[in-house]
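Beneath this line is the structure, given in structure tokens, with notes to follow.
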Amino acid sequence: MTDNNKIATLTVNGETYELPMYSPTAGPDVIDIRKLYAQAGVFTYDPGFTSTAACDSTITFIDGDKGELLHRGYPIDQLAGKSHYLEVCYLLLYGELPTVDELEDFESRVTHHTMVHEQMMNFFRGFRRDAHPMAIITGVIGAMSAFYHDSLDINDEWQREVASIRMIAKMPTIVAMAFKYTVGQPFVYPRNDLDYASNFLRMCFSVPCEEYEVNPILARAMDRIFTLHADHEQNASTSTVRLASSSGANPFACIAAGVACLWGPAHGGANQACLEMLREIGTVDRIPEFIARAKDRDDPFRLMGFGHRVYKNTDPRATVLKQSADEVLELLGVEDNELLQVAKELEKVALNDPYFIEKKLFPNVDFYSGIILEAMGFPTSMFTPIFALSRTVGWISQWKEMIADPQLKIGRPRQLYHGETNRNYTDIETR
Ligand code: SDX
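Using my numbering, you'd call the opening residue of the sequence shown number 187 and step up by one each time.
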């Protein structure tokens, strides 16, 4: 962030104020309004934060007009094609791609933290078997602060590091346990001789009565899905983690808050909602009916997996997932997947419709991911937990960046109040 001596001039009630401006290395300039209320006695008003930079960061940058996503400067399509999830985790956490030794050490630290405290299994047993896995993981992750007391002190850099590794390492185990619990199968322990994605697939799909061989194609597809969901600037769930962390809450409680926020269908819950929508559409000939509903202002229906606050061009993650969907389904021998045909035709119709063109609505990361996950054997209820697993490194990286910021202040927005002004209580007899 460079102080480029640019000044914004604002006139309020006849008074003129000069506000400093800063230029980023990429993206729009910002106007520093931190002293505005003290100087001019007014607030800015931006519900939904459509024009607000809530922090400065060096981790991820999105150019919505170009449809570009960079993690520490590296384009997502290169990372998805040439890297792998734990290497991307290292990049997000520490800022640079690792050397061979650094990666080996990092992968070993993650691998040796994949088990959860045995007592945590009791948490799962308190849930109904038909609980949504997101309900389970929100509870279990928050409960981690009751177990890992030696990594709660956010002011201790070493404890922050341990909490980071524990979260990244244990999320696949917890998410797999939530899946096993809901399908009534025994939990499967992680294995240290498997890579991150293979370990997760085995914890989800192996059963005690037979050996489970991980399909390397599925493991590669799983790892790519993890990478594509790893981080995404200041999205709703990451902003939730930052706001929760600004009070000094412990990392496990803050990540649990992020999981809860991600669950919403407007955010990470869209992958489940999108697949359910594709299933409701059912066949290509019903697409016009749903396009009409999406355009009808009186109908709350929206095309799930479409649109984005930042991307006003294609979401580059959707492009990679679309290619991956073709590859995975072909390799799995899933011929003529009806849902994929509906999704491709829906995308084609929408992208040629004036409404979607004018509003710059394109498929986002949630549009194709569900088709791949379903083909891999996951129920729709597991789509958002897998998103949460993938995004844990993003939440943790942003959390570490914020906690290390000497300017850290508790987040405390103000409001535009138009409720009742001061009035006296009246006794019930007189009302
Ligand atoms: C994720 O922020 C992130 O980075 C999130 C994410 C990440 O990696 O963390 O990328 C992950 O959450 C992706 C988004 C998943 N959500 C969905 O697919 C749900 C469907 N999409 C929408 O609900 C919506 O597009 C949002 C929530 C994604 C974005 O909403 P905005 O930016 O607040 O935009 P908006 O609601 O103001 O919409 C602008 C216009 C509106 O029409 P008007 O009121 O101007 O007439 O576009 C319309 C909307 O009605 N619109 C849609 C639409 N999305 C927006 N119309 C039909 N279908 C849609 N999907």
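For every residue, glycine included, the Cβ atom is placed at its ideal position computed from N, Cα and C. All values derive from a computational prediction rather than experimental measurement.
Among the options, whose alpha-carbon lies nearest the alpha-carbon of residue i?
| i | options | result |
| --- | --- | --- |
| I327 | V520, P437 and S567 | P437 |
| L448 | A194, H418 and F229 | H418 |
| A590 | D242, L196 and N610 | D242 |
| A443 | P261, I582 and S269 | I582 |
| F553 | F492, Q601, N610 and D287 | F492 |
| M389 | Y375, Y541 and I441 | Y375 |
| K586 | N378, Y603, I340 and T202 | I340 |
| G454 | F487, H494, A430 and D482 | H494 |
| G281 | L256, Q305 and V427 | L256 |
| Y231 | L602, T607 and T616 | L602 |
| A511 | E273, G605 and I403 | I403 |
| F564 | P599, Y541, F391 and S269 | F391 |
| V198 | E254, P261 and L222 | L222 |
| Q509 | E475, H604, A224 and I411 | I411 |
| E560 | H604, E475, R609 and R465 | R465 |
| R488 | P502, M463 and G259 | M463 |
| S384 | G200, P394, C395 and P358 | P358 |
| L525 | P540, I473 and P502 | I473 |
| D501 | V520, P486 and E533 | E533 |
When every heavy atom of the ligand SDX is checked, does at least one fall within less than 7 Å of the C-beta of residue i?
| i | result |
| --- | --- |
| G493 | yes |
| P550 | Looking at the sequence itself, residue 550 is Asn, so the reference to Pro does not match. Flag set: Cβ of N550 near the ligand SDX. |
| A317 | no |
| H257 | no |
| A456 | yes |
| G556 | no |
| V496 | yes |
| D507 | For the sequence presented, residue 507 should be read as Leu rather than Asp. It does not: the Cβ of L507 is nowhere closer than 7 Å to a heavy atom of the ligand SDX. |
| G234 | yes |
| A590 | no |
| R488 | yes |
| R483 | yes |
| N538 | no |
| N608 | no |
| L429 | no |
| A252 | Checking the sequence, you will find Lys at residue 252 rather than Ala. No, Cβ of K252 sits at least 7 Å from all heavy atoms of the ligand SDX. |
| N421 | yes |
| K221 | no |
| H453 | yes |
| A480 | yes |
| K534 | no |
| L515 | no |
| L547 | yes |
| H418 | yes |
Is the CB-CB distance between residue i and residue j below 8 Å?
| i | j | result |
| --- | --- | --- |
| S331 | A405 | no |
| Q593 | I245 | no |
| K252 | N499 | yes |
| V579 | L278 | yes |
| P206 | I193 | yes |
| A355 | H299 | yes |
| R295 | I217 | no |
| D263 | V506 | yes |
| F569 | L461 | yes |
| L414 | V400 | no |
| I557 | N523 | yes |
| L518 | A536 | no |
| F333 | A321 | no |
| P549 | A504 | yes |
| F292 | Y276 | yes |
| N191 | T297 | no |
| F247 | G213 | yes |
| V514 | A416 | no |
| M408 | M562 | yes |
| S555 | N457 | yes |
| Y497 | G267 | no |
| Y208 | Q225 | no |
| F229 | R600 | yes |
Once you ignore the five residues that flank residue i on each side, which residues in its own chain have a CB closer than 7 Å to its CB?
| i | result |
| --- | --- |
| I323 | I360, V361, A364, V445, P571 and A574 |
| F373 | M307, M363 and K366 |
| G370 | R315 |
| A459 | P451 and M490 |
| R483 | none |
Shorter than 7 Å, the distance from the beta carbon of residue i to the closest heavy atom of the ligand ZN, or not?
| i | result |
| --- | --- |
| A266 | This structure lacks the ligand ZN; the ligands present are the ligand SDX. |
For residue i, collect the residues of the same chain with a Cβ closer than 6 Å to its Cβ; drop the 5 residues on either side in sequence, then sort them by chain order.
| i | result |
| --- | --- |
| I596 | S432 and S433 |
Return the chain-ordered list of same chain residues with a C-beta closer than 8 Å to the C-beta of residue i, the five sequence neighbours on each side being excluded.
| i | result |
| --- | --- |
| R428 | A240, C241, Q420, Q584, W585, M588 and G597 |
| K545 | G493 |
| A430 | A439, C440, A443 and G444 |
* To do: Decide yes or no for the touch test of the region 455 to 474 against the region 346 to 356: beta carbon pairs closer than 8 Å, at least 3 of them.
  => no
* Are three or more beta carbon pairs between the region 527 to 534 and the region 420 to 439 nearer than 8 Å? -> Contact between the region 527 to 534 and the region 420 to 439 is absent: fewer than three C-beta pairs spanning the two stretches fall below 8 Å.
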